[in-house]
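For any residue, its number in the numbering used here is found by taking its place in the sequence shown, counting from 1, and adding 14.
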Amino acid sequence: MNLQTIFLYLLLIGFASCQQTTQSNPQIISTKDSKVNNQSQQVTKSPQAVKPVLDTSTYANPRFNKMANQQREQLVKLADEGLFEKLHLKLQADLAEEQKNYFEAHANLNILAHTKGDIFENKGNDLAYIVYDKEKHQIEILLFDQKNKRFKTLYRDVQVSNLLRQSDCYYANGTVDYSIGAELIYQEDYIRSSQSNYLIDENAFSIDNISTNNIFDLKGGCLSRDFPTNAMVNTLCIPTSSVYANYQCLKYNKTKAVFEIYFSQEFAD
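Structure, rendered in structure tokens:
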């Protein structure tokens with residue numbers, strides 16, 4: 015082997031070594047870059063909003079068809095005796111003209127109780143009604159949004175989210191509308207003799223600040239965890255018993271556009 019051949023051989027070995035070095039270095043750099051990219055992607059990802067779990071009225075829930083239809087039959091019996099109509103005429107007489115006009119145009123609705131307050135927190139005098147629907151044979155909670163001049167039925171036109179659903183302190187046999195129906199049936203004799211009902215008596219159906227009203231036992235009842243006391247004003251309070259101080263309390267969440275059941279008490283006085 016002459017000197018020229020040896021020189022070419024050494025030159026080739028040196029070139030091959032340099033090529034291996036330049037090929038291996040980019041792999042290390044790209045790994046670092048990928049880590050940085052992954053981290054930046056994690057930072058820029060926005061957290062997904064948690065959607066509220068919405069309730070379906072017991073009347074509209076296929077799982078409870080039999081139970082709902084049994085109650086409907088009993089409500090029809092009371093309606094056929096004219097008990098709801100008598101209450102309706104008595105309560106309608108006190109309404110403002112625009113409200114009277116609505117119920118005259120919707121003759122299928124019998125008013126069983128009503129109250130007023132800033133339900134939708136628009137600094138307005140909103141109205142809430144508990145009605146019997148003669149066509150659907152069921153109890154409904156009807157709300158009047160004063161600012162937008164709209165009637166809305168709870169569970170159908172405006173949704174309800176039960177914040178107590180996973181609590182071990184929450185007990186309820188059906189949704190609020192269904193619970194009212196059950197109690198009115200229980201009160202049949204009283205309604206017949208007094209032409210009144212437990213919703214009307216002592217203004218039990220109300221819009222209230224439950225943090226300042228002694229009727230509501232926040233410590234003894236079932237309160238949604240971390241619900242702020244200063245947010246308890248303008249709460250729609252619906253009594254569910256004529257015997258005990260039992261209530262379901264809902265507050266309108268403007269951000270989510272839903273009513274939230276955040277407090278319940280189910281016990282004797």
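Don't be surprised by glycine CBs; every beta carbon is placed ideally from N, CA and C. Since the structure is predicted, the reported quantities are computational estimates derived from the model, not experimental observations.
- Using a C-beta cut-off of 8 Å, the region 141 to 151 makes contact with the region 212 to 224, since at least three inter-stretch Cβ pairs fall below that distance.
- By the neighbour-count definition (other C-beta atoms within 10 Å, threshold 16), Ala110 is an exposed residue.
- Under the three-state reduction of DSSP, Tyr73 is assigned to helix.
- In this structure, Leu89 places its C-beta atom within 8 Å of the C-beta atom of His151.
- A contact between stretches requires three or more CB pairs, one per stretch, nearer than 8 Å, and the region 119 to 127 meets this requirement with the region 91 to 101.
- Phe158 and Ala271 have their alpha carbons spaced roughly 15 Å apart.
- Taking the C-beta atoms as reference points, Asn244 is found no nearer than 8 Å to Asp69.
- Distances from the CA of Ala93 to each of Phe117, Val247, Arg206 were compared; the closest alpha carbon is that of Arg206.
- In this structure, DSSP gives Gln209 a state outside helix and strand, which the three-state scheme calls coil.
- Phe134 is positioned such that its CB atom lies no closer than 8 Å to that of Tyr261.
- Contact check between the region 177 to 188 and the region 271 to 281: three or more CB pairs, one atom from each, fall below 8 Å, which counts as touching.
- Look at Phe117 here: in three-state DSSP terms it is helix.
- Beta-bridge pairing by DSSP links Pro253 to Tyr261.
- Contact annotation: Glu280 and Tyr169 have beta-carbon atoms that are not nearer than 8 Å.
- If you draw a straight line from the Cα of Phe117 to the Cα of Asp231, it comes to about 36 Å.
- Relative to the Cα of Thr226, the nearest Cα in the group Lys130, Ser255, Thr249, Glu87 belongs to Thr249.
- For the region 174 to 229, the full-length beta strand (DSSP E) segments reaching 3 residues or more read 220 to 222 along the chain.
- Across the structure, Lys130 and Arg77 are spaced so that their CA atoms are roughly 34 Å apart.
- CA-CA distance, Gln160 to Thr269, rounds to 18 Å.
- Ile252 sits away from Val172, with the two beta carbons spaced by 8 Å or more.
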